[in-house]
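Below: the structure, in structure tokens.
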Amino acid sequence: SQTIHQWPATLVQPVGSPLSLECTVEGTSNPNLYWYRQAAGRGLQLLFYSVGIGQISSEVPQNLSASRPQDRQFILSSKKLLLSDSGFYLCAWSVFQTDTQYFGPGTRLTVL
Amino acid sequence: GESVGLHLPTLSVQEGDNSIINCAYSNSASDYFIWYKQESGKGPQFIIDIRSNMDKRQGQRVTVLLNKTVKHLSLQIAATQPGDSAVYFCAENSFKADSWGKLQFGAGTQVVVTP
Chain A
53 SQTIHQWPAT LVQPVGSPLS LECTVEGTSN PNLYWYRQAA GRGLQLLFYS
103 VGIGQISSEV PQNLSASRPQ DRQFILSSKK LLLSDSGFYL CAWSVFQTDT
153 QYFGPGTRLT VL
Chain B
25 GESVGLHLPT LSVQEGDNSI INCAYSNSAS DYFIWYKQES GKGPQFIIDI
75 RSNMDKRQGQ RVTVLLNKTV KHLSLQIAAT QPGDSAVYFC AENSFKADSW
125 GKLQFGAGTQ VVVTP
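Listed in order, the protein sequences are those of chains A and B. Residue numbering for the first sequence follows this note's numbering, starting at 53 and increasing by one per position. Residue numbering for the second sequence follows this note's numbering, starting at 25 and increasing by one per position.
This is the structure in structure tokens:
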């Protein structure tokens, strides 16, 4: 069966520090991968999606970037964090672009 | 713009009763709908989905109804249990080329199960 992992689970970082969140998927090949951010009590905002290695599409202009160095690895990064980057970051995968997306456990990021 | 939204932000349900969570969508091209359950501090969990060529689909204790005429989606939970307490999101996807894979989520409904 397929599983999706995210780490770290929680992270507290100072403003201006770099960020690297990692997501990996097991049990499938060539998945579509997604990064979402969820503000407290709000819905999910799509940040990036990837249909293959090295292929990244950005949905919103922001202080973040994404990379996909391997088929089942998706990384969310920032060179300098802002207070507004705080939130719950979720990685998801799907078999096809038009298919159900399955979410990871999330990373709670607090920028102080 | 086109959007997916929920009618009720909070739903309080007595244990053992049935729950009904509603969702309205405005994109007439939407052809795939998903319900997710999100417990506090966790990622959304897939519950059930339905495609636009269907109007009803049943799972274990859950039923999703789709009314394309009025662009309305609902999730029914039978015999609600304390473990059903969570935020429920509807999401919409479209097979249009410019929106492939881009799920649009509603704001969510908090379901609170009381004893």
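Glycine is no exception: its CB is placed at the ideal position from the N, C-alpha and C atoms.
Does any C-beta atom of chain B lie closer than 7 Å to the C-beta of residue i?
{"i": "leucine 161 of chain A", "result": "no"}
{"i": "threonine 62 of chain A", "result": "no"}
{"i": "proline 83 of chain A", "result": "no"}
{"i": "glutamine 153 of chain A", "result": "yes"}
{"i": "leucine 128 of chain A", "result": "no"}
{"i": "leucine 142 of chain A", "result": "yes"}
{"i": "glycine 156 of chain A", "result": "yes"}
Mind checking which residues open and close the beta strand (DSSP E) that includes residue i?
{"i": "glutamine 105 of chain B", "result": "Looking at the DSSP string, glutamine 105 of chain B is not in any beta strand (DSSP E), and its letter there is neither H nor E."}
{"i": "valine 64 of chain A", "result": "62–65"}
{"i": "glutamine 153 of chain A", "result": "From DSSP, glutamine 153 of chain A is part of no beta strand (DSSP E); its letter is neither H nor E."}
{"i": "serine 138 of chain A", "result": "Here serine 138 of chain A belongs to no beta strand (DSSP E), and DSSP marks it neither H nor E."}
{"i": "proline 99 of chain A", "result": "One detail in the question is off: residue 99 of chain A reads as leucine in this sequence, not proline. Start and end: 96–104."}
{"i": "glutamine 38 of chain B", "result": "34–38"}
{"i": "proline 70 of chain A", "result": "No beta strand (DSSP E) contains proline 70 of chain A, which DSSP labels as neither H nor E."}
{"i": "valine 137 of chain B", "result": "133–138"}
{"i": "valine 163 of chain A", "result": "159–163"}
{"i": "glutamine 125 of chain A", "result": "125–130"}
{"i": "alanine 118 of chain A", "result": "117–122"}
{"i": "leucine 85 of chain A", "result": "84–90"}
{"i": "serine 167 of chain A", "result": "Within the shown structure, residues of chain A are numbered from 53 to 164, placing residue 167 of chain A beyond reach of any answer."}
{"i": "asparagine 46 of chain B", "result": "43–49"}
{"i": "glutamine 107 of chain A", "result": "107–110"}
{"i": "glutamine 114 of chain A", "result": "Looking at the DSSP string, glutamine 114 of chain A is not in any beta strand (DSSP E), and its letter there is neither H nor E."}
{"i": "glutamine 58 of chain A", "result": "55–59"}
Leaving out five residues on either side along the sequence, give the residues of the same chain with a beta carbon under 7 Å from the beta carbon of residue i.
{"i": "tyrosine 49 of chain B", "result": "Val28, Lys95, Leu97, Glu116"}
{"i": "isoleucine 44 of chain B", "result": "Ser98, Gln100"}
Please list, in chain order, all residues of the same chain as residue i whose beta carbon is under 6 Å from its beta carbon, the five residues on each side excluded.
{"i": "valine 77 of chain A", "result": "Ile56, Pro83, Arg124, Trp145"}
{"i": "valine 112 of chain A", "result": "none"}
{"i": "threonine 62 of chain A", "result": "Arg160"}
{"i": "phenylalanine 57 of chain B", "result": "Ile74, Leu97, Glu116"}
{"i": "valine 103 of chain A", "result": "Asn84"}
{"i": "phenylalanine 129 of chain B", "result": "Phe113, Ala115"}
Kindly say whether residue i, judged by its beta-carbon, lies nearer than 7 Å to any beta-carbon of chain A.
{"i": "histidine 31 of chain B", "result": "Here the model assigns histidine 31 of chain B a pLDDT of 45, short of 50, so the residue's position is not dependable, and the following value carries that caveat. No, histidine 31 of chain B lies away from the interface with chain A (no Cβ there is under 7 Å from its Cβ)."}
{"i": "isoleucine 45 of chain B", "result": "no"}
{"i": "phenylalanine 57 of chain B", "result": "no"}
{"i": "leucine 35 of chain B", "result": "no"}
{"i": "alanine 110 of chain B", "result": "no"}
{"i": "alanine 48 of chain B", "result": "no"}
{"i": "glycine 132 of chain B", "result": "yes"}
{"i": "aspartate 41 of chain B", "result": "no"}
{"i": "leucine 163 of chain B", "result": "Given that chain B is displayed from residue 25 to residue 139, the structure contains no residue 163 of chain B and the question cannot be resolved."}
{"i": "glycine 67 of chain B", "result": "yes"}
{"i": "aspartate 79 of chain B", "result": "no"}
Among residues of its own chain, excluding the 5 on either side of residue i, which ones have a beta-carbon nearer than 8 Å to its beta-carbon?
{"i": "arginine 89 of chain A", "result": "Leu96, Gln97, Leu99, Gly139, Phe140, Tyr141, Leu142"}
{"i": "proline 70 of chain A", "result": "Ser129, Ser130, Lys131, Lys132, Leu133"}
Between the region 113–126 of chain A and chain B, which residues of the former have CB atoms less than 9 Å from a CB of the latter, in chain order? none
Let me know the alpha helix (DSSP H) ranges lying completely inside the region 51–122 of chain B, each 4 residues or longer, listed in chain order. Runs of the alpha helix (DSSP H) inside the region 51–122 of chain B: none found.
For the region 86–106 of chain A, list every residue whose C-beta sits within 9 Å of some C-beta in chain B, in sequence order. Those would be Tyr86, Tyr88, Gln90, Gly93, Arg94, Gly95, Leu96, Gln97, Leu98, Tyr101, Val103, in chain order.
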